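**Student:** Below is the structure I would like to discuss, written out as C-alpha cells.
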Amino acid sequence: MKSGFGMLNKESMIKKAQEILVENDLGGYTIPTHGLYPFQWNWDAAITALGWAKFDEPRAWLELVTLFKGQWDNGLLPHIVFHEHSDTYFPGADVWGAVNEVKSSAISQPPVLATVAKIMFEECLDKANAKEELNSLLPQIIDWHIWWYRDRDPENTGLVVSYHPWESGMDNSPAWDDALDDVPVVDWEYTRLDTDHIDGDQRPHKSQYDRYLYLVDFYKKCQFDAKHMYENCPYKVQDISIISILHKATKDLVELCELCEFDHPNVDTLKQKLVLTESAISTLWHEPSSSFLSKNTINNQWCEEITSAVLLPLYGELATKEQAQKIHTLLDEWVTASPYAIASTHPSSDKLEPKRYWRGPVWLHINWMIALGAETYGFNKTSEEIQKKTAELLNVAGFFEYFDCNTGEGCGGDDFSWTAAIALHWIY
Ligand code: DGY
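Going from the sequence shown to this note's numbering is simple: count from 1 and add 107.
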C-alpha cells in the first residue's frame with residue numbers, strides 16, 4: 108500500500124483534502140496533480156469545484172470561470188486548457204495545433220459541469236454572488252451544450268458521438284478497444300512523458316497512444332472543420348457515458364436557468380434535445396447484456412465490453428423502471444464483488460487489469476455518479492454501500508488518482524484534486 112490514512116480522523120482528512128486543493132491551485136485553476144497533469148482539465152475542473160465549494164465558494168466559481176477562458180467561438184469547451192506552458196506533459200498545445208488565443212486541445216470531455224453548477228447553486232451560502240457568477244456562466248454552458256448537439260449529432264439522432272477515447276475521460280477502457288484498433292497509427296516518432304511520472308503498468312499501452320495521436324493529427328489536418336470531421340473521423344462512438352452525463356447535465360442546466368430566472372433563446376432547443384435523446388436511447392439497449400452499451404457508428408458494432416460506463420444511464424436518468432431493475436442487478440453483483448466499489452471493468456472480465464488506468468481501477472467520481480444514479484431510482488441501499496466502500500478506500504489509501512480494484516492500493520498521481528474534492532463533497 109503506497110499510503111495510508113487509517114489513523115486519521117474525519118477532521119484531519121478534511122484538512123488534508125483542503126490542503127491538496129490549495130497545493131494544486133495555480134491561481135484561478137486547479138491542476139489535477141503536479142508533474143503528470145500540469146494544466147486545467149475539463150471534467151476534473153468541474154468535480155474539483157465541488158470540493159472548493161465546501162470551504163471557499165468564490166474560489167469554486169472561479170474554477171469554472173477560468174475553464175471557460177478556453178472556450179472556442181463554436182462553443183466547444185476543450186478537454187485541456189493550457190493556461191501556462193509546462194514541459195512535463197505530452198501532447199502539449201503545439202501538438203494539438205489549435206489556433207485560439209488561449210491554447211487548448213481540440214476535443215471536449217464528459218459535460219458534468221452543469222450538474223456541478225446546479226449543486227453548487229443549491230448548496231451555496233452566498234446566493235447573490237452565485238447568481239452573479241451564473242449570469243455570465245450560463246450562456247457559456249448553454250453554448251457548449253448546443254455545440255455537443257449540433258457538431259456531434261448533425262443528423263439529429265438524439266445520440267451524440269465521441270471522436271476520441273480521451274473525450275470519454277475513460278481513455279484506455281476496454282470498451283473502446285475494437286473501435287480504436289480500426290484507427291491508423293501515427294506516422295511520426297514521439298516521446299511519452301506520462302511514464303516518467305507513473306509506472307508504465309498503470310498507464311495505456313504505446314499501441315493506444317499511437318492511435319490517440321493519429322486522431323490528434325487528424326483534427327488538425329481537417330482544420331477542425333465540424334462537417335469534415337463528422338464525415339471522416341476514423342473513431343466515432345455513441346458513448347453511453349457521455350450521452351448519460353450530457354443528458355443529466357442538460358436537464359440540470361434547464362432547471363438551473365429556471366431557478367435563476369435566466370432567459371435564453373436556446374433553452375427551448377435544449378428541452379427538445381432532451382426529448383429526442385429520451386426517445387432514441389432505446390436503440391442502445393443491448394438485451395443480451397441487460398444494459399445499455401456504446402456503439403461504434405462507423406461499422407455499427409456494439410462496444411460489448413461491460414465497463415462502469417454501462418451503469419451511468421441510471422445517473423443520466425435514461426432507463427425505464429424495468430431497465431433500471433436490470434442495471435441494478437448488474438450493479439449489485441458488481442458492488443459485492445468489488446471490495447472498494449466500483450471496478451471500472453466488470454469484475455468477471457478477462458480484460459480487467461486491476462492497476463491499469465481505466466481497465467479495472469476504481470475512480471471516486473465514478474463511484475459518486477453511480478451512487479447518485481442508484482439513489483435516483485430508489486436503490487438506496489446500493490447507493491449507501493458504494494459510499495461506505497468509497498470512504499473505506501480513502502481511509503486505507505488516501506487521495507490517489509485511482510485505486511487498484513482488488514487491493515485498494517493508490518495508483519496514478521498522488522494528492523489528486525478530484526479525489527480530494529469528492530471526499531469533501533460526498534464523503535466528509
Ligand atoms: C492523459 O494524458 O492521460 C489524459 O487522460 C488525456 O486527457
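The beta-carbon is built from N, C-alpha and C at its ideal position, and this holds for glycine as well.
As the structure is a computational prediction, the values presented were derived from the model and not from experiment.
Return the residue from the list Gly135, Trp255, Ala387 that minimises the CA-CA distance to Leu184.
**Tutor:** When only C-alpha atoms are compared, the closest one is Trp255.
**Student:** Applying the 10 Å Cβ sphere with the 16-neighbour rule, what's the burial state of His192?
**Tutor:** exposed
**Student:** The alpha helix (DSSP H) that contains Lys238, what's its start and end?
**Tutor:** 234-258
**Student:** Classify Lys210 as buried or exposed, calling it buried when 16 or more other Cβ atoms lie within 10 Å of its own Cβ.
**Tutor:** buried
**Student:** Look up Gly517 in the DSSP assignment and give the residues it is bridged to.
**Tutor:** Phe510
**Student:** Would the beta-carbon of Tyr196 fall within 8 angstroms of that of Leu300?
**Tutor:** Cβ distance < 8 angstroms, so Tyr196 and Leu300 count as in contact.
**Student:** Along the chain, which unbroken stretches of the alpha helix (DSSP H) at least 4 residues long are found entirely within the stretch 322-348?
**Tutor:** 333-339
**Student:** Under the three-state reduction of DSSP, which class applies to Asp194: helix, strand or coil?
**Tutor:** Residue state, collapsed to three classes: coil.
**Student:** What is the DSSP secondary structure of Ile305, counted as helix, strand or coil?
**Tutor:** Assigned with DSSP and collapsed to three states, Ile305 falls in coil, not helix or strand.
**Student:** Going by C-alpha distance, which of His252, Leu133, Asp439 is nearest Gln216?
**Tutor:** His252
**Student:** Are three or more beta carbon pairs between the stretch 150-163 and the stretch 218-228 nearer than 8 angstroms?
**Tutor:** yes
**Student:** To the nearest angstrom, how far is the alpha carbon of Ile405 from that of Asp294?
**Tutor:** Each residue's alpha carbon lies about 22 angstroms from the other.
**Student:** Do Trp273 and ligand 1 come close, with the Cβ less than 7 angstroms from some heavy atom?
**Tutor:** Distance from the C-beta of Trp273 to the nearest heavy atom of ligand 1 is below 7 angstroms.
**Student:** I'd like to confirm something about Val186: is its beta-carbon nearer than 7 angstroms to some heavy atom of ligand 1, or not?
**Tutor:** Here residue 186 turns out to be His, not Val, going by the sequence shown. Correct: His186 has its Cβ closer than 7 angstroms to ligand 1.
**Student:** Taking buried to mean at least 16 other C-beta atoms within 10 Å of its own C-beta, is Lys117 buried or exposed?
**Tutor:** exposed
**Student:** In the structure shown, what three-state DSSP assignment does Phe228 receive?
**Tutor:** helix
**Student:** For Pro188, which three-state DSSP category applies?
**Tutor:** It should be pointed out that residue 188 corresponds to Val in this sequence rather than to Pro. Note: Val188 maps to strand in three-state DSSP.
**Student:** From Ala156 to Thr489, what distance separates their C-alpha atoms?
**Tutor:** Distance from the CA of Ala156 to the CA of Thr489, rounded to the nearest whole angstrom, comes to 26 angstroms.
**Student:** How many Å lie between Val374 and Ile350 at the Cα?
**Tutor:** Taken atom to atom, the span from the alpha-carbon of Val374 to that of Ile350 is near 18 angstroms.
**Student:** Is Asp308 a contact residue of ligand 1, with contact defined as CB to any heavy atom under 7 angstroms?
**Tutor:** no
**Student:** Under 7 angstroms: does the beta carbon of Asp522 sit that close to some heavy atom of ligand 1?
**Tutor:** no
**Student:** Please check the pair Tyr342 and Leu322, which I expect to be a contact at CB under 8 angstroms, by giving their CB distance rounded to whole angstroms.
**Tutor:** 6 angstroms
**Student:** In this structure, does DSSP put Ser401 in helix, strand or coil?
**Tutor:** The DSSP-derived three-state label of Ser401 is strand.
**Student:** Ligand 1 and Asp71: does the residue's C-beta get closer than 7 angstroms to at least one heavy atom of that ligand?
**Tutor:** Residue numbering for the chain in the displayed model covers 108 to 535; residue 71 lies beyond these limits and cannot be assessed.
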